[in-house]
Structure formats: C-alpha cells, structure tokens
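What follows is a short report on a single structure.
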Amino acid sequence: MFDIMSLLAALNTNVLWGIPMVVLMIGTGVFLLVVTRGVVFSRFNVVMRYTTKTLFQRQDKSEAGEGTISPFQAVCTALAATLGTGNIVGVALAVATGGPGSIFWLWLSALAGMVIKFCEVTLSVAYRTRNERGEIVGGPMYYISRGLGLKWLAVLFAVFGFLASFGIGASVQANSLASSVNATFGVPFAVIGAVVALLAGLVLIGGIKRIAQITEVLVPFAAIFYLVCAAVVLICNAAEIPAAIAVIFRDAFTGTAATGGFLGATVMYACRVGMSRGVFTHEAGMGSAPIAHASADTDHPARQGLWGTFEVFFDSIVMCTITGLVIITSGLWCADPMMTEGAMSSAAFEQSIPGGQYVVTVGLMLFAFATLIAWYYYGEKCVEYLFGARRGGRVAIRLYQVAYVAMVFAGCVANLDTVWELADFFNGLMAIPNLVALIALAPVIRRLSQDFFRDPDRRRPRDTDYRDLLTFRDGE
119 MFDIMSLLAA LNTNVLWGIP MVVLMIGTGV FLLVVTRGVV FSRFNVVMRY TTKTLFQRQD
179 KSEAGEGTIS PFQAVCTALA ATLGTGNIVG VALAVATGGP GSIFWLWLSA LAGMVIKFCE
239 VTLSVAYRTR NERGEIVGGP MYYISRGLGL KWLAVLFAVF GFLASFGIGA SVQANSLASS
299 VNATFGVPFA VIGAVVALLA GLVLIGGIKR IAQITEVLVP FAAIFYLVCA AVVLICNAAE
359 IPAAIAVIFR DAFTGTAATG GFLGATVMYA CRVGMSRGVF THEAGMGSAP IAHASADTDH
419 PARQGLWGTF EVFFDSIVMC TITGLVIITS GLWCADPMMT EGAMSSAAFE QSIPGGQYVV
479 TVGLMLFAFA TLIAWYYYGE KCVEYLFGAR RGGRVAIRLY QVAYVAMVFA GCVANLDTVW
539 ELADFFNGLM AIPNLVALIA LAPVIRRLSQ DFFRDPDRRR PRDTDYRDLL TFRDGE
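In the working numbering, the protein residues as written are 119 to 594.
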C-alpha cells in the first residue's frame with residue numbers, strides 16, 4: 119500500500135532537509151555574507167541601534183517612504199509569523215529527536231539566516247509595486263519576476279507559498295494551540311477549533327492593516343511574558359547552564375538523542391532537525407517574511423532589511439536558545455522518552471514555577487494565534503499574485519479565506535506528526551526558488567547595501583528613486 123506520509127518523511131530527511139538543503143542554505147548565507155562584506159555583523163551596532171531605538175519612537179511621516187504600515191508593524195507582523203510554536207514545541211521537538219546538539223545547528227542556521235533575511239527583505243522593498251487596487255505589494259514573487267524576468271519561477275514560489283500557509287500557518291499553529299489548551303484545561307478539541315477559527319476569521323477580513331494592528335500589540339506582550347517566565351526558570355537552574363551549553367556543542371558532533379533511535383544517533387540527523395526547526399522558526403530563506411516587510415513605510419530598502427536581521431537574531435539566537443536551555447537544564451529531554459514535546463516544555467517550566475504549565479499554554483496560545491493570522495496574509499498575497507487583485511482574484515481570495523479558516527479548525531484535530539511533515543515539505547519547496555533568486559540578484563543586493571551603509575543615519579527624501587541601483591528584467 120502506497121504510504122504518502124512515508125514518502126514525505128523520506129523526501130524531507132534525504133532531500134528537502136538533508137544535505138542538499140543544508141548546502142544550499144548555508145552556502146547561500148556564506149555567499150551573501152561575502153557579497154555584502156559581512157555588513158550585518160561588522161555593523162551590527164547599526165542594526166541594533168536603529169531597530170531598538172525605533173521600538174520606542176513614533177515614526178516621522180515626513181521622513182518615511184512609500185508604504186502601507188510602519189516598519190515596526192511590518193516587523194511585528196513578520197515576527198508574529200516566526201514567534202510561534204517553533205519557539206516552544208519546535209525547539210522541544212528538536213532536542214527530543216535530534217539531541218541538544220540540534221541547538222548548535224539551529225544557531226548556525228540563524229547566523230546564515232541573519233544575512234539571508236537582510237537580503238530578501240531589502241529586495242522585497244526595492245522591487246515592490248502596486249496591485250490593480252493601488253495597494254503596495256512585494257515579496258519573492260515580485261523580485262523574481264521583476265528582477266530576473268522569470269515569471270514561471272515566481273508563479274512556482276507563489277504556489278508553494280499558498281500551499282505552505284495551510285501547513286506552517288494554519289495546521290501546525292492550530293494543532294499545537296489546541297493540544298496545549300486541551301491538556302491544560304480539558305477543553306474539547308472541537309470547541310477550541312471553533313473558537314480559534316471564529317477569532318481568526320474576524321481578524322483576517324480586516325486585511326494587512328488589522329493584522330498589523332493586532333500583531334504590534336500581541337507580539338511584544340507575548341514575547342515579554344514568555345521571556346520573563348523563562349528567565350525565572352533559568353535563574354533557578356543557573357548552576358546547570360554551563361553544563362547545558364557544553365552538551366550542546368559536544369552533541370552537535372555526536373548526535374545524541376532521547377527518542378530519535380538510530381537516526382538520532384547521527385550527526386546528520388541532529389543537523390537536519392536543527393536546520394529544519396531553525397528555518398521553521400526564523401523563516402529566513404523561505405521568502406515569507408519579505409511579503410509583510412514590503413508594506414513597510416520606509417525611506418530605504420536596506421533600512422527595512424535591518425529589521426530582517428533583528429528578526430532572526432531575536433527569534434532564534436534569543437528566544438529559541440532560552441527555550442532550549444530551559445529544556446536541557448531541566449534534564450527532562452532524556453528522562454522520559456514517551457513524553458510529548460508540549461508536555462516536555464510544560465514540565466520544564468513546572469519544575470521551577472508553580473503553575474508553570476500555564477506559561478507554556480498561554481505562550482502557545484498567544485504565539486500560535488499571532489503566527490496563524492500573519493501566515494494568512496502571506497498566503498493571500500500569493501493567491502493574489504496568481505489570480506490578480508480584481509474580480510476573479512477577489513473570488514479566489516475569498517475562497518482561500520474560507521479554506522484557511524476551515525484548515526485552522528481541521529488542524530486542531532489532526533495528527534501532529536503528519537502536520538509537521540507537511541509543513542517541512544512545503545517550507546523546503548518555498549525556500550528553493552527564493553534562495554536561487556537571492557544568489558542571482560546578489561549584485562543588486564551589494565549596490566543597495568553599499569548605498570545605505572555609506573551613511574546609514576541619513577534619511578532619504580520620500581521621492582528617492584532606486585531604479586538606477588536595480589536590475590529590471592520585468593517578467594510581468
């Protein structure tokens with residue numbers, strides 16, 4: 119009997135998240151690091167100074183550029199998609215199946231991702247345009263078609279993005295949210311699914327502006343809540359932190375795992391799990407976040423690219439590391455091979471904080487819902503690219519909206535292993551055309567980066583035209 123899930127698992131393990139993807143992802147990161155002369159690391163002070171300072175400032179519209187939402191709203195929408203179940207359940211899954219060493223490979227993925235996301239966000243803003251209704255739109259499908267003239271590749275990316283939204287956006291988030299709420303409060307899965315689907319539908323009909331308004335409140339609150347609680351746990355387990363860090367580096371090259379069997383006992387499996395979970399959580403290279411960043415009101419493409427670097431740093435270097443240390447210092451990752459990933463995270467917090475399971479449940483609820491609504495926007499823009507923004511396109515978007523909300527409900531009762539395999543599969547398919555485009559458009563990235571970092575503090579006028587820095591082979 120043909121088993122499609124076994125086939126997907128084999129493709130994910132051996133191809134999409136095997137050696138080919140590791141080489142492509144890390145190779146692209148290293149290549150772009152050379153192209154940009156390592157500017158996101160050598161000028162990391164500029165990245166942090168601009169992004170952290172902007173968090174506490176109101177944007178001066180006279181100094182802004184073309185766009186629909188503020189740079190902070192854009193990054194909150196993008197962070198809403200990245201700060202999801204991957205930071206809690208995904209990290210626990212990586213440690214449980216790939217061992218503590220998978221965290222090392224997640225870090226490596228993040229370092230490459232910081233460069234990659236800077237580049238893809240920069241290109242997204244540079245090549246953005248207006249749809250038939252006059253709205254600002256952008257993303258990989260636009261810099262692939264307008265910059266490379268490869269309409270077929272842009273269409274392929276849009277198809278993969280549309281399909282991926284049902285996995286990484288709807289199903290995974292809904293499944294993790296429902297499982298956690300059910301385990302903690304005993305609420306039936308069908309009831310959870312109905313409530314979450316209804317809330318999601320109410321937000322989604324408001325488009326990017328409503329999504330951005332929700333995420334700019336939800337994301338900071340959720341992040342601060344989770345970080346404070348995790349800090350308490352790490353303070354309690356402070357004596358175990360040095361040993362935890364040591365085991366991460368050691369197991370990165372031995373591949374020890376709690377539940378991975380002979381697969382988990384290989385370095386390659388730890389690498390594959392760390393890389394796939396890393397990309398799942400920070401999404402660098404997938405081309406999803408640039409779709410949100412394209413709507414940002416900014417004066418220079420590379421300035422918005424700084425937010426892309428900050429995104430990966432905060433999501434993976436900060437959030438995922440903290441979750442990994444909470445789990446490893448608890449010792450639970452190797453104590454009970456039958457413990458589920460969600461239960462492992464909950465128990466790790468429960469060891470140090472009375473009622474700690476509620477931290478994970480509330481965190482998952484907030485993160486998962488934010489991710490869910492952000493990924494709808496990505497999927498919608500992919501559908502819009504395929505069918506247009508008028509008439510037939512609007513009908514297609516309405517149908518997609520209904521299907522997405524239905525998938526949210528279905529995700530609440532789906533098998534978690536199946537959901538993760540599908541998510542990994544479409545994530546990998548999205549990444550391939552996007553990474554190819556980044557490599558091909560490297561000269562444009564270099565010119566935009568040099569132009570911005572020549573004087574990063576100078577605010578460009580609203581009517582600045584970057585066409586002389588771009589390469590147009592319009593495939594529209």
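Backbone N, C-alpha and C fix where the C-beta goes; we use that ideal spot for every residue, glycine too.
Look at residue 507 here: in three-state DSSP terms it is coil, with no helix or strand label. At the C-beta level, residue 537 and residue 297 stay beyond 7 Å of one another.
Between residue 451 and residue 283 a beta carbon distance of about 31 Å is seen, past the 8 Å cut, so the two are scored as non-contacting.
With a beta-carbon spacing of about 14 Å, residue 259 and residue 553 fall beyond the 8 Å limit used to define contacts. Going by beta carbons, residue 467 and residue 477 fall inside the 7 Å limit.
For residue 254, DSSP records a beta bridge to 248. Rounded to the nearest whole angstrom, the CA to CA distance from residue 270 to residue 558 is 15 Å. Between the region 211-219 and the region 127-138, the count of Cβ pairs shorter than 8 Å is below three; the stretches do not touch.
Of the residues 222, 194 and 138, the one whose Cα lies closest to the Cα of residue 362 is 222. Contact check for residue 344 and residue 231: beta-carbon distance about 21 Å, past the 8 Å limit, so the pair fails to qualify.
Inclusion of residue 204 and residue 399 in the CB contact set at 7 Å is warranted, their separation being smaller than that value.
Scanning the region 275-346 for uninterrupted beta strand (DSSP E) segments of 3 residues or longer gives nothing; none is fully contained. Counting along the chain, the unbroken alpha helix (DSSP H) around residue 411 starts and ends at 407-411. For residue 532, the secondary structure class from DSSP, reduced to helix, strand or coil, is coil. Within its own chain, the residues whose Cβ lies closer than 7 Å to the Cβ of residue 274, once the five positions on either side in sequence are excluded, are 551, listed in chain order. Contact check for residue 472 and residue 240: beta-carbon distance about 46 Å, past the 8 Å limit, so the pair fails to qualify.
At the C-beta level, residue 169 and residue 556 stay beyond 7 Å of one another.
Per the C-alpha coordinates, the member of 151, 134, 145 and 125 positioned closest to residue 567 is 151. The continuous alpha helix (DSSP H) containing residue 208 extends over residues 207-216.
Following the DSSP letters along the chain, one finds residue 423 inside the alpha helix (DSSP H) bounded by residues 419-430. Shown here, residue 402 sits in coil according to DSSP, grouped into three states, outside any helix or strand. Looking only at 501, 507 and 509, the smallest Cα-Cα distance to residue 519 is reached by 501. By the Cβ-count criterion, residue 121 is exposed, with fewer than 16 other Cβ atoms from all chains shown falling within 10 Å of its own Cβ. A straight line joining the alpha-carbon of residue 308 with that of residue 531 spans about 7 Å. Counting C-beta pairs closer than 8 Å gives three or more between the region 333-352 and the region 437-447, which meets the contact rule. The shortest CA-to-CA distance from residue 236 to any of 277, 564, 305 and 321 is the one to 564. DSSP places residue 231 within a helical segment (H, G or I) once states are collapsed to three. Residue 506 and residue 250 do touch by the CB rule: their CB atoms are close to 6 Å apart, below 8 Å.
Here the C-alpha atom of residue 574 lies approximately 19 Å from the C-alpha atom of residue 238.
Burial check for residue 320: the Cβ neighbour count within 10 Å stays below 16, so the residue is exposed. Here DSSP, grouped into helix, strand and coil, assigns residue 268 to coil. With a threshold of 16 other beta carbon atoms within 10 Å, residue 586 falls short and is exposed.
By the criterion of a C-beta distance shorter than 6 Å, residue 154 is surrounded in its chain by 567, once the five residues flanking it on both sides are discounted.
Annotation: the continuous alpha helix (DSSP H) that includes residue 445 extends over 439-448. Residue 517 carries a helical assignment under DSSP once its states are collapsed to helix, strand and coil.
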